[in-house]
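Presented below is the structure to which this report refers.
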Amino acid sequence: MQRLQQTIQTVFRVDEKGGRLIQRDNNTIMLYDYPFIANGAIQLILNQFPHADVTTHSCSSSSSGFVVMFTYMDMGSLWLRSETMQMVLLLLTVVIVGNSYLLECVRA
């Protein structure tokens, strides 16, 4: 997430142009008070972070009237994701049930 934040700061030059970056949680960074968002800049960030999701929302508390939200799900720990664990457990269940069925057929 730190790498995404640094990339956003570099691409949008937040220090020079006066925007604010706020990290909402472990997966979301919000860009407030930025005067102009170019599609090319967003595309550059999406090229570097293909799993990122960029959305723009209207926001009355921002001086620009909108906020850009960058959501990035860390794909590094594939084994810790719940979908992976569900697939592993399903595979183990199929193997155990299948083997017990085959053993019963061999005994008979």
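Here the working numbering = 1-based position in the sequence shown + 1086.
Heads up, the beta-carbon is just placed ideally off N, CA and C, and yes, glycines get one too.
Annotation: Tyr-1187 to Ser-1168 spans about 28 Å, alpha carbon to alpha carbon. Look at Ala-1124 here: in three-state DSSP terms it is coil, with no helix or strand label. When rounded, the separation of the alpha-carbon atoms in His-1137 and Gln-1129 is 12 Å.
In this model, Ser-1150 and Thr-1170 are separated by some 41 Å (Cα to Cα).
At a Cβ-Cβ threshold of 7 Å, Asn-1112 and Met-1159 do not count as neighbours.
The shortest C-alpha to C-alpha distance from Thr-1157 to any of Phe-1135, Arg-1106, Gly-1126 and Phe-1122 is the one to Phe-1135. Listed in chain order, the beta strand (DSSP E) runs fully inside the region 1089-1151 are 1106-1109, 1114-1118 and 1138-1144, counting runs of at least 3 residues. Residue pairing for Val-1153: DSSP places it in a beta bridge opposite His-1143. Within the same chain, Val-1100, Leu-1107, Ile-1115, Leu-1117, Ile-1131 and Phe-1156 come within 8 Å of Ile-1094 by CB-CB distance, once the 5 residues on both sides are set aside. Across the set Ser-1146, Leu-1178 and Val-1140, the C-alpha of Val-1140 shows the shortest separation from the C-alpha of Leu-1090.
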